[in-house]
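Novice: After the C-alpha cells below, expect a handful of questions from me.
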Amino acid sequence: MKISTKGRYGLRALIDICIFSVSEMVTVKSISERQGISERYLEQIFSSLRKGGIINAKKGAQGGYFLAKSSREFTIGDILNVLEGDLLLIDIENDENEIENFMSENLWNVINNKIINFFNSITLEDLVNDYKKYNKEDMYYI
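Okay, so the sequence shown: first residue is 152 according to my numbering, each after it adds one.
Put into C-alpha cells, the structure is as follows:
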C-alpha cells in the first residue's frame with residue numbers, strides 16, 4: 152500500500168479546513184495558496200470527500216467548504232478509505248499453496264489489520280491538535 156498524493160493532499164486540505172474554518176468558510180483558492188496544491192487537483196479531491204460525506208460545500212459569495220461533522224467524528228481511516236479505497240497492504244486470496252495460506256493468515260492478515268487499526272485509531276481532531284503542537288514548537292521569536 153502506498154498512499155497517493157490524493158490521500159496526502161486530502162489530509163492536508165482537511166487540516167487546513169479545520170484550522171481556518173473557525174470564523175469563515177474555506178475556499179479552494181485559499182487552501183491552494185496556503186498548501187501549494189493546484190486548485191484543479193483540490194476540486195477533484197473535494198469531489199471525492201463530498202461524495203464520501205466528509206465535507207460539505209456552500210455556494211455563493213460567502214461560500215466555501217466545511218466539515219460535514221466534527222473533526223473528532225472522522226478517523227484517518229475513514230478519510231483515506233474515501234480517497235484511496237481499501238487500505239490493504241496485500242490482497243489476500245486463498246491459494247493452493249500451504250505456505251502461502253499460512254503466510255496469509257499469520258503475516259499478511261495481521262499486518263493489514265494493524266495498519267487499518269492504526270489509521271482508525273487517529274481522529275482528524277487528533278491530527279489537527281498534533282499539528283498545532285508541532286507548529287507551536289517550530290515557531291521561534293526574535
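C-beta: ideal position from N, C-alpha, C; glycine also.
Looking only at its own chain, which residues have a Cβ that is under 8 Å from the Cβ of Gly214, when we skip the five neighbours before and after it?
Specialist: These residues qualify, in order along the chain: Met176, Thr178, Ala208.
Novice: For Tyr160, which residues from the same chain have a beta carbon less than 8 Å from its beta carbon, with the 5 sequence-adjacent residues on both sides left out?
Specialist: Here the set comprises Gln186, Ile188, Tyr192, Leu193, Ile196.
Novice: Could you check whether Phe270 and Gly228 sit closer than 8 Å to each other, using their CB atoms as the reference points?
Specialist: Closer than 8 Å, so yes.
Novice: According to DSSP, is Ala164 part of a helix, a strand, or is it coil?
Specialist: Of the three classes helix, strand and coil, the one that applies to Ala164 here is helix, per DSSP.
Novice: Would you call Val261 buried or exposed, if buried means 16 or more other Cβ atoms sit within 10 Å of its Cβ?
Specialist: Label assigned to Val261: exposed.
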